[in-house]
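Novice: Got a structure for you, questions after.
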Amino acid sequence: MTAAATGARRPRHDRPDDPERIADLAAAHALFGCHLREVAVPAGDAELGDGEARIRLRHLGVVLRCAVGRVSPLHAHRYEGPVQRRGADRGAGPRPATPPRRPAPPAGAPDMTGGWEPIGATDLAALLAADLTARTGVGNDEFVGQVRQSRTTTAQLLAERPHRDPAPTGDPVVDAYVDSEQSLLFGHPQHPTPKWRTGATGQWRRYAPELRAAFRLHWLAVPAELTAGAGPFDELTAALDPPPVPAGHRALPVHPWQLELVPPADRRLRDLGPAGVPVRPTASVRTCYAPDADLFCKTSLHVRITNCLRKNSRYELTGAVALSRLLAAVPLPAGVRLLAEPAYRTVDLPGADEAYGTILRAGLRPHLRPGQTPVLAGALAASPLPVPDPVAWWRAYVRLLVPAALRLWLAHGVVHEAHLQNVLVVLDAHRWPVGMLLRDLEGVKLDTSRWPEWPARLPRQVGYRSDDARRRVVYCLFVNHLAAVCAALADARPGVEPQLWRVVREVVAEVSDGLGNPPELRALLAGAPLVAKANLLVRWHRAPDRDAAYVPVPNPFGGAA
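So for the sequence shown, UniProt numbering puts the first residue at 1; every next one is plus one.
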């Protein structure tokens, strides 16, 4: 989940002068943008023009507006300044008791005076909750509190993030990579609660990647007969410097936060305490990177972050290893690699299997040449991205990512959800994209329509029907990922975005030709709408991610060449 999409979401230094104000603007912009794209545009209740976007809350007699700094062809605009409301029906939503301090409008912004009043994020959430209740007939008594907590968390992260990494390795490549993973202070720009997470504040602060956390994993000694797993787990974790275990036991690293949340109930599981080399939490919070071992540990964590409880189900554990073996034989374009997940271990007891399951993911160094640095794609998208020649830089980027994702799907039936947190971009010494590392096998599924004979030992849950496969590829690749990086380039070079989408069309057309012009790509090139995941509606209906709704958005590279 990742990229920033608003001026308020792009701090240029670690500790802004007014974190409360910036966090409130970011939260309000995210809410406004989600409602516009998922609700107002499909219902015909959105207007865009004269440098601003407006939303009509038809059931409440209220109109909202916000200045637009960059118009997005996919309705993911960059908003500036406060969200404002106007409407005679004072009962439609709570009036701010203390209006937030109003910043000076950006140059060229429309006049925001004359009957309009600013509305803060929490009050905006209450107003939109009233609108969504009226529209859907469904209520949600958690929604406003989740928005408030997400906004508060963002303010805390802005205020408390250390200026410098307190635990650098001294290796500039590793430190730059870790910094990219731990830099996402605002989270997903198209999510109503991007920094909402369960758990006490005192707990998450110790493990927050945004606060540049570093810690040691906690270790359990599990009797061999209660251990389940696959792959060379002990061989790989030896590089983590695990503590010694009693005879007849196996060492299992778990997230220390998980032991606070779910302490072992079975006395046969021995607590060995924190030990081993330091690890750094990545953007996903629960996956930790050990620079000394060049190894990732994807742990179970009973914390809800954005939409999901971040636990490793048994099918995800077994599926990771089975997929790693299966995908080893699938060819990838030059410069693109998939980080394997060759081993897992868990406790073979009901409940404990999901509480303490850990997946090992291969590291980065074998895929890097001297002078190359891996960077999380979400970090590239989180700020204006100035490069000397944005079109040429973008062409190199798209030629790496798009053929890999589309060929995996259409030639091999493999769906890699190439969203901003699932892709590491390898940059050379001149910050030029020269490689892509695709990661997280939880985000890899097989298109069942292309696998009539299901692979042995692969759980059936690791499959998508053809319609689901198409939606996930189109959303993750084009809407979540490419649109966000494209926007970052356009924020640094206004007016360049149409050229960038022409490059995407050029590359998609080349891939289509090479694959015999499959109907899926013919439709996209002809202008078929893209789809965006409806995160606001998912949150409102409290639906699991697997049942997420999608809304159509314009296709900026389809239609006439």
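Every residue gets a Cβ at the ideal spot worked out from N, C-alpha and C, and that includes glycine.
(1) Using the rule of at least 16 other Cβ atoms within 10 Å of the residue's Cβ for burial, across every protein chain shown, is Gln156 buried or exposed?
(2) Mind checking which residues open and close the alpha helix (DSSP H) that includes Glu417?
(3) In three-state DSSP terms, what is Thr267?
(4) Is it buried or exposed for Pro386, if we count other Cβ within 10 angstroms and need 16 for buried?
(5) On a CA-only basis, which of Ala405, Tyr315, Pro253, Pro384 is nearest Arg460? Give me that one, please.
(6) Do the CB positions of Val473 and Lys445 come within less than 7 Å of each other?
(7) Quick one: what does DSSP say Trp451 is sitting in, helix, strand or coil?
(8) Pro291: buried (16+ other C-beta within 10 angstroms of its C-beta) or exposed?
(9) Between Ala238 and His218, what straight-line distance do the alpha-carbon atoms span, to the nearest angstrom?
(10) Checking the sheet assignment: what are the DSSP bridge partners for Thr358?
(11) So the alpha helix (DSSP H) Leu132 belongs to, where does it begin and stop?
(12) Just to confirm, are Lys195 and Thr133 a CB contact at a threshold of 7 Å?
(13) CB Arg148 to CB Thr122, shorter than 7 Å?
(14) Give me the Cβ distance between Phe478 and Leu530, rounded to the nearest whole Å; I'm assuming they're in contact under 8 Å.
(15) In three-state terms, what does DSSP make of Gly221?
(16) Checking the sheet assignment: what are the DSSP bridge partners for Pro73?
(17) On a Cα-Cα basis, can you pick out the residue from Pro172, Arg361, Cys34, Arg268 that is closest to Arg129?
(18) For my contact list, Val279 and Tyr289 are in at a C-beta cut-off of 8 Å; report their separation, rounded to the angstrom.
(19) Let's test the definition: count the other Cβ atoms within 10 Å of the Cβ of Ala429 and tell me whether it reaches 16, buried, or not, exposed.
(20) Can you tell me where the beta strand (DSSP E) holding Gln84 begins and where it ends?
(21) Within 10 angstroms of its Cβ, does Pro19 collect 16 or more other Cβ (buried), or is it exposed?
(22) Find out if the Cβ-Cβ distance for the pair Leu525, Gly558 is shorter than 7 Å.
(23) Is it a yes or a no for the segment 339–357 touching the segment 492–510, going by three-plus beta-carbon pairs under 8 Å?
(24) Taking all protein chains shown into account, do 16 or more other C-beta atoms lie within 10 angstroms of the C-beta of His13, making it buried, or fewer, making it exposed?
(25) Does the segment 363–382 touch the segment 403–413, meaning 3 or more C-beta pairs lie closer than 8 Å?
(26) Please state whether the Cβ-Cβ distance between Gln421 and Ala283 is less than 7 Å.
(27) Using a Cβ-Cβ cutoff of less than 7 Å, which residues in the same chain neighbour Gly527 once the five nearest sequence positions on both sides are dropped?
(28) With DSSP collapsed to three states, give me the class of Phe233.
(29) DSSP puts Leu438 in a beta bridge; with which residues?
(30) Using CA atoms only, rank isn't needed, just tell me which of Arg78, Pro73, Asp50, Leu57 is closest to Leu25.
(31) Taking Cβ to Cβ, would you say Tyr344 is nearer than 7 Å to Val415?
(32) If we require 4 or more residues per run, which alpha helix (DSSP H) segments fall completely within the segment 519–560?
(33) CB-CB under 8 Å to Gly137, same chain, minus the five flanking residues each way: which ones, in chain order?
(34) Alpha carbons only, please: which of Gly44, Leu323, Ala352 is nearest the one belonging to Thr299?
(35) How big is the Cα-Cα spacing for Val39 and Arg56?
(36) Taking the straight line between their C-alpha atoms, what separation do you get for Leu400 and Ser72?
Specialist: From the atom records:
(1) Walking along the sequence shown from the start, residue 156 turns up at place 156. The residue in question, Gln156, is buried, as its Cβ has 16 or more Cβ neighbours within 10 Å.
(2) The residue you call residue 417 lines up with position 417 of the sequence shown. That residue, Glu417, is in no alpha helix (DSSP H); it is neither H nor E in DSSP.
(3) Numbered from 1 along the sequence shown, position 267 holds the residue referred to as residue 267. The residue you asked about is not Thr; residue 267 is Arg in the sequence shown. It is coil, neither helix nor strand.
(4) As a position in the sequence shown, residue 386 is number 386, starting the count at 1. Counting Cβ neighbours within 10 Å, Pro386 comes out exposed, since fewer than 16 surround it.
(5) Translated into positions along the sequence shown, residue 460 becomes position 460. Closest by alpha carbon: Tyr315.
(6) The count along the sequence shown starts at 1 and reaches residue 473 at position 473. The count along the sequence shown starts at 1 and reaches residue 445 at position 445. For the pair Val473 and Lys445, the CB atoms are not nearer than the 7 Å cut-off.
(7) Your numbering for residue 451 matches position 451 in the sequence shown. Trp451 falls in the coil class under three-state DSSP.
(8) Here residue 291 is taken as the residue at index 291 of the sequence shown, counted from 1. That one is buried.
(9) Here the question's residue 238 lines up with position 238 in the sequence shown. Here the question's residue 218 lines up with position 218 in the sequence shown. Roughly 15 Å separates the two Cα atoms.
(10) Sequence index remark: in the sequence shown, residue 358 carries index 358 (1-based). Thr299, Arg345.
(11) For the purposes of this step, residue 132 is taken as residue 132 along the sequence shown, with counting starting at 1. Segment 121–136, the alpha helix (DSSP H) holding Leu132.
(12) Within the sequence shown, the letter at position 195 stands for residue 195. Within the sequence shown, the letter at position 133 stands for residue 133. Not in contact: Lys195 and Thr133 (Cβ atoms no closer than 7 Å).
(13) As a working note, residue 148 is residue 148 in the sequence shown. As a working note, residue 122 is residue 122 in the sequence shown. Going by C-beta atoms, Arg148 is nearer than 7 Å to Thr122.
(14) Here residue 478 refers to the residue found at position 478 of the sequence shown. Here residue 530 refers to the residue found at position 530 of the sequence shown. Between Leu530 and Phe478 the Cβ distance is about 5 Å, and since that is below 8 Å, they are a contact.
(15) In the sequence shown, the residue the question calls residue 221 occupies position 221. One detail in the question is off: residue 221 reads as Ala in this sequence, not Gly. The three-state reading of DSSP puts Ala221 in strand, counting E and B together.
(16) On the sequence shown, residue 73 is found 73 positions in, with the first residue counted as 1. Partner(s): none; Pro73 has no beta bridge.
(17) The residue you call residue 129 lines up with position 129 of the sequence shown. Looking at the sequence itself, residue 129 is Ala, so the reference to Arg does not match. Among Pro172, Arg361, Cys34, Arg268, the Cα nearest to that of Ala129 is on Cys34.
(18) Within the sequence shown, numbered from 1, the residue matching residue 279 stands at position 279. Within the sequence shown, numbered from 1, the residue matching residue 289 stands at position 289. Going by Cβ atoms, the distance from Val279 to Tyr289 rounds to 6 Å, so yes, they are a contact pair.
(19) Counted from its first residue, the sequence shown places residue 429 at position 429. Its Cβ having fewer than 16 others within 10 Å, Ala429 is exposed.
(20) By one-based count along the sequence shown, residue 84 stands at place 84. Per DSSP, Gln84 belongs to the beta strand (DSSP E) from 78–86.
(21) Position 19 of the sequence shown, counting from 1, holds the residue named residue 19. Result: buried.
(22) Here the question's residue 525 lines up with position 525 in the sequence shown. Here the question's residue 558 lines up with position 558 in the sequence shown. If you check the CB distance, Leu525 and Gly558 come in under 7 Å.
(23) no
(24) Translated into positions along the sequence shown, residue 13 becomes position 13. Reliability fails at His13, whose pLDDT of 37 lies under 50, so the model's placement of it is uncertain and the value that follows must be treated cautiously. Exposed, because fewer than 16 other Cβ atoms sit within 10 Å of the Cβ of His13.
(25) The segment 403–413 vs the segment 363–382: no contact.
(26) For this step, residue 421 is matched to residue 421 along the sequence shown. For this step, residue 283 is matched to residue 283 along the sequence shown. In this structure, Ala283 lies closer than 7 Å to Gln421 by Cβ.
(27) Translated into positions along the sequence shown, residue 527 becomes position 527. Within the same chain, Gly527 has close Cβ partners Asn555, Gly558, Gly559.
(28) The residue you call residue 233 lines up with position 233 of the sequence shown. Phe233 falls in the helix class under three-state DSSP.
(29) Taking the sequence shown and counting its residues from 1, one reaches residue 438 at position 438. Leu438 is bridged to Leu338, Val423.
(30) As a position in the sequence shown, residue 25 is number 25, starting the count at 1. If we check each option's Cα against that of Leu25, Arg78 comes out closest.
(31) Taking the first residue of the sequence shown as position 1, residue 344 is located at position 344. Taking the first residue of the sequence shown as position 1, residue 415 is located at position 415. It is not a contact, given that the beta carbons lie outside the stated cut-off.
(32) 519–525, 535–541
(33) As a position in the sequence shown, residue 137 is number 137, starting the count at 1. So the list is empty, once near-sequence residues are dropped.
(34) One-based indexing of the sequence shown puts residue 299 at position 299. If we check each option's Cα against that of Thr299, Ala352 comes out closest.
(35) For this step, residue 39 is matched to residue 39 along the sequence shown. For this step, residue 56 is matched to residue 56 along the sequence shown. Rounded to whole angstroms, Val39 to Arg56 spans 10 Å at the Cα level.
(36) On the sequence shown, residue 400 is found 400 positions in, with the first residue counted as 1. On the sequence shown, residue 72 is found 72 positions in, with the first residue counted as 1. Their Cα atoms are separated by approximately 24 Å.
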